[in-house]
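Right, one structure below, let's go through it.
Number of protein chains: 2
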Amino acid sequence: MSKKPLILVINDDGITAPGIRALIEVMNEIGDVVVVAPDSPQSGMGHAITINSTLFVEKVVIDKGNQTEYSCSGTPADCVKLAVKQILDRRPDLCVSGINHGSNSSINVIYSGTMSAALEAGIEGIPAIGFSLLDYNWNANFEHAKPFVKTIVKNALKNGIPNGVVLNVNIPNLAKKDIKGIKVCRQAKANWEEEFDKRKNPQGREYYWLTGKFVNLDNGEDTDEWALKNNYISVVPVQFDLTAHHAIQNLNTWELND
Amino acid sequence: MSKKPLILVINDDGITAPGIRALIEVMNEIGDVVVVAPDSPQSGMGHAITINSTLFVEKVVIDKGNQTEYSCSGTPADCVKLAVKQILDRRPDLCVSGINHGSNSSINVIYSGTMSAALEAGIEGIPAIGFSLLDYNWNANFEHAKPFVKTIVKNALKNGIPNGVVLNVNIPNLAKKDIKGIKVCRQAKANWEEEFDKRKNPQGREYYWLTGKFVNLDNGEDTDEWALKNNYISVVPVQFDLTAHHAIQNLNTWELND
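Residue numbers (this note's numbering), protein chains in the order written: chain A, 10 to 267; chain B, 10 to 267.
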C-alpha cells in the first residue's frame, strides 16, 4: 500500500482547463492523485449544490500523468461530495482546488467556485487549499506558480492546517524572479461596483450582461490585496463558521422579546 | 416624498412562493416595498452569480399589495445587484430575503440562496436579514412567523445592524403560542452526511441523486440548533469577512519563504 498522501484535485474552470492540468502535474510529484472536476466551466457558482437535478460521473483520461480522473456534471461542491462519498475508497489527506484562471482574493472568495470546493472539503474535515492565478486568460502561464504551489502544499502536509480553516492562495501573474515571497494575510475589505450592460435581443426583449469594477476599500498592509499589489503571493486562512461573534453582545441589547 | 423606509424583498424559492408573499405582506405594513426575485426556484444556489449568461427582468403583478415587483431570470445574488444598480432609484434602507421554505441554520448558511441574497446586500452596505421557516413544504404555514418577522425588522430599522454583519433568522415550525421567544445565537458546528442514490437512465447510463442527513456535532446551548430544538427563533449575526484571524499566528510559523 502506498505511503504517499492521497490528494483530491478539483477546480471550477472544468477538467480540461490548463490551470488544473498544472496543479495535477505538481501534485503527482507529492502524492497519489485523484481528480474529480466539473465537465464544463463553473465560474461564479459560489457554493451552489445540485439538489434538483441529476449528477453524471465519467472516468476519463485527459493526459499521460499518473492521476486517476473523473469528470462530473455538477458544481465544484458537488464534485467534493461525490469524490468523498462515492468515488474514493479512503479519505483524502488533502484537497487542492484550482489553479483558478483569475483572482479569488478579498470578497471574491464569496463568489468563487474554486474556494467553495475547498470550503466543502474543509466542512467535511479534509485539509484543503484553493489556488488562483491573477490571469483570467484560458492560456495563462502557470509555470512560475508551480514551485510556490509545491512549497505551500508540502507545508500544509507537514504542519497540518488548523481545524475549521481552509487556505485561499492567490498568485500574482509575474515571472518567478519577480515574486517577492509568500505572505499570510487577512481578506481585504473590497467589493464590486456592478454595471449592467443593457441590450435588446433579436425579438426586441431587453436583457442585461453583468459587468463591474473591483474596488478595494482597505488600505491595510496586512491584506491580500496589498500583498498581491506588492508582488507577494497571498495566503488567507478562511473559515466556514460565519458567526460574527463580536456582534452578539450588541444584538442582545435589542428588544426582541417584549 | 414618502418618509417610510424603502425595503427590498428577495428570495430563492421564486417570486410566487408563499414564503415571499408572506414576507411582502408584513413589509407592506412597515415600508415602501420593491420585490426583485427569481422567476424560478434557486434553492442550493449558494452565492452563485450569472457571469456567462444574460439576465432578463420583467415588471410583474402577482397580487393586490402595494409593492412594486420585478421577476428576474438570475440567481438571488443577481437580483440584489440588479435591484441596487439598475431598478431602484435610491438605496434601500433594508433588504429582507425569504421567507425560505426550509431551514438555513448552522452550516446551511453556506449553501443558502436566501442568505446569499442577504450577504450580497450586506457587502453593498445595505442592512440585510434572511428569514427561513423550518418547513420545506410549498404549502408551509407562514402565519405564525409574521409577528416575529415584524418585531425583528422593526428592531433592525430602529437600532441598525452592525457594519459588516447580516442576520440569519430561522423560525421553528410551531404555533405562535409554542414559540418561546427570539434568541441571538452562534452558528452550530454541523454538517451533512451525504448519500448518493445511484440509478440508471433509460439509456443505461448511471447517474446520481444527492441526498443526505444533517448531523449536529455541537452541544453548545448558545447555538442556533439548540435554540430551534428548544422552540426558540434563532438570530445569528453572519459576516462576510471570512478570515480566520485566530489562525494567522499559526500559519506564520510555516516555512513558506526558505
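Using N, Cα and C, we set each Cβ at its ideal position, and we do this for glycine too.
| Check | Outcome |
| --- | --- |
| DSSP state of C104(A) mapped onto helix, strand, coil | strand |
| Burial state of S82(B), where buried means 16 or more other Cβ atoms lie within 10 Å | buried |
| Within-7 Å CB hit, E78(B) to chain A | no |
| Alpha-carbon to alpha-carbon, I257(A) and P246(B) | 7 Å |
| Stretch pair the region 100–109 of chain A + the region 62–73 of chain A: three plus CB contacts closer than 8 Å | no |
| Closer than 7 Å to chain B by CB, G139(A) | no |
| Alpha-carbon spacing of E133(A) relative to Q196(B), whole angstroms | 16 Å |
| Contact under 7 Å by Cβ, S121(A) with N179(A) | no |
| CB contact below 7 Å: T123(A) versus chain B | no |
| Beta-carbon neighbours of N182(A), restricted to chain B and to distances below 7 Å | Those do not exist, as N182(A) stays about 19 Å from chain B at its closest Cβ, beyond 7 Å. |
| Buried or exposed by the 16-neighbour rule on C-beta atoms within 10 Å, applied to A184(B) | exposed |
| Same chain, Cβ closer than 6 Å to N75(A), five either side skipped, listed in chain order | N37 |
| At least 3 beta-carbon pairs within less than 8 Å: the region 218–232 of chain B vs the region 187–204 of chain B | yes |
| Beta-carbon gap between T59(B) and D21(B) smaller than 7 Å | no |
| Secondary structure of L265(A), DSSP reduced to three states | coil |
| Best match in T63(A), D102(A), L237(A), V93(A) for proximity to K167(A) [C-alpha to C-alpha] | D102(A) |
| Which residues DSSP lists as bridging T220(A), in chain order | E204(A) |
| Exposure label - G169(B); buried when at least 16 CB within 10 Å | exposed |
| Whole-angstrom C-beta distance between L17(A) and V45(A), which should lie under 8 Å | 7 Å |
| V118(A), enclosing alpha helix (DSSP H) - first and last residue | 117–120 |
| Min CB distance W147(A) to chain B below 7 Å | no |
| Chain-ordered neighbours of V244(A) on chain B, where CB pairs are closer than 8 Å | L260, L265 |
| Identity of the residue in Q51(B), I29(B), S49(B) nearest V43(B) by Cα | I29(B) |
| Completely contained alpha helix (DSSP H) runs for the region 104–190 of chain B, where each covers 4 or more residues | 117–120, 122–132, 155–168 |
| Short Cβ contact (7 Å threshold) for A127(A) with A137(A) | yes |
| Chain-order list of residues whose beta-carbon lies under 6 Å from that of Y145(A) (same chain, five-residue window excluded) | H110, G111 |
| Whole-angstrom distance between W147(B) and D250(B), CA atom to CA atom | 33 Å |
| Residues within the region 96–128 of chain A neighbouring chain B, beta-carbon criterion of under 8 Å | I116, V118, I119, Y120, S125, L128 |
| Listed by chain order, chain E residues near T160(A) by CB distance under 7 Å | The displayed structure is made up of protein chains A and B, and chain E is not among them. |
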